[in-house]
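What follows is a short report on a single structure.
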Amino acid sequence: MWDTLIVTPMTNILLLIYAFVGNFGIAIILFTILIKAATHPLMASQIKSSAKMQELMQSEDWLKIQAKYKDDKEKLAQEQMRVYKEQGVNPLGSCLPTMIQLPVIFGLYQSINRVMGASPVQLIDLVRSITHPWWSWMGDVIPAASLNALLPINNQFLWMNLGQPERILADILPFGGLPTLAIIVGLTTFIQTKLTVMPSASPNDQSAQMTQMMGIYMPLMLFWFSLNFASGLAVYFIASNLAGIAQYAALGKVNWGNLFKFGSQPATVPAAKSKSKK
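In the numbering used here, the protein residues as written are 8 to 285.
Structure representation (structure tokens):
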């Protein structure tokens, strides 16, 4: 089912884009843009959820809970969950797009490996994935989309082989060379996290803690993926990070100030003033 629902559709989409542009690296970048466009409503929902969370954290009820149960973490967590439920706020809503990206990452990795196959057995497996009636029709309409024109795929993009982990200066530097793409992936992931995270009223609430953990683990995890797997996956990571920053910037939601804060001091949100009763 995984192959039918994820890997095979991705393989066909990548090949279709490649048939038009003739460059697999550009095909991956355009595929990334398609993924971002498809998940844009989800991202907009995430931004609304984050804004609602900030509004909640300005409420007098929330600030009272923080002060009253500051020494009782278990009770504080229970009260926070109660308020989340009453206000209809999902504290993990900001992590949902990242979690949805994981199947795309694994599916793309398998798709790239399948498309980059050069041995007869690998080519047979690839042909099985793309042998559909509509491909035959595409080959008649667009000669470049015929299987004979598509296969084997040109796996060279700029200085790298998209089917192999990327390294430069491998003959000079130790440990197999310098993984420039992996470093760029780690940096762009870190920058995207910094630019798109919203300030929290309290560093102790579950949402803030989850965001802080994701800001640490995601750059490291994607760096490791880029270091060890096909460089085509690293191209996807970089394109996805840059496209994500552009999306937030277009919506006016980029927090440029966060990029230059390296401490653990969160931005504070002023408390909402309560109306005095006469």
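We treat Cβ as the ideally placed atom computed from N, Cα and C, and that holds for glycine.
In this text the structure is predicted, and so the values were computed from the model without any measurement.
In chain order, what residues of the same chain lie with their CB nearer than 7 Å to the CB of Asn162, ignoring the 5 residues before and after it? Phe31, Met123, Asn168, Leu169 and Gly170
Spatial distance of Pro172 from Tyr224 (CA atoms): 21 Å
Bridge partners for Met167 per DSSP, in chain order? Phe164
Check whether the Cβ atoms of Leu157 and Leu22 lie closer than 8 Å to each other. yes
Can you give the Cα-Cα distance for Met130 and Tyr243, rounded to whole angstroms? It should be pointed out that residue 130 corresponds to Leu in this sequence rather than to Met. CA-to-CA, the gap between Leu130 and Tyr243 works out to about 23 Å.
Please classify Ile72: is it buried, with 16 or more other beta-carbons within 10 angstroms of its beta-carbon, or exposed? It counts as buried.
For Ile175, name the three-state secondary structure that DSSP assigns. strand
Given a cut-off of 8 Å, decide if Ser247 and Leu188 are closer than it, judged by their beta-carbon atoms. no
Extent of the continuous alpha helix (DSSP H) run through Tyr186: One point to set straight first is that residue 186 is Pro, not Tyr, in the sequence displayed. Run containing Pro186: none; DSSP gives neither H nor E here.
Here's the rule I'm using: 16 or more other beta-carbon atoms within 10 Å means buried, otherwise exposed. How should Pro181 be labelled? Label assigned to Pro181: exposed.
Please report the straight-line C-alpha distance between Met228 and Gln199, rounded to a whole angstrom. 15 Å
Along the chain, where does the alpha helix (DSSP H) that runs through Ser57 open and close? His47 to Met64
Nearest-angstrom Cα distance between Pro159 and Asn235? Straight across, the Cα-Cα distance linking Pro159 with Asn235 is about 24 Å.
Between Ala34, Trp69 and Leu49, which has its C-alpha nearest Gly251's C-alpha? The residue with the shortest Cα to Cα distance from Gly251 is Leu49.
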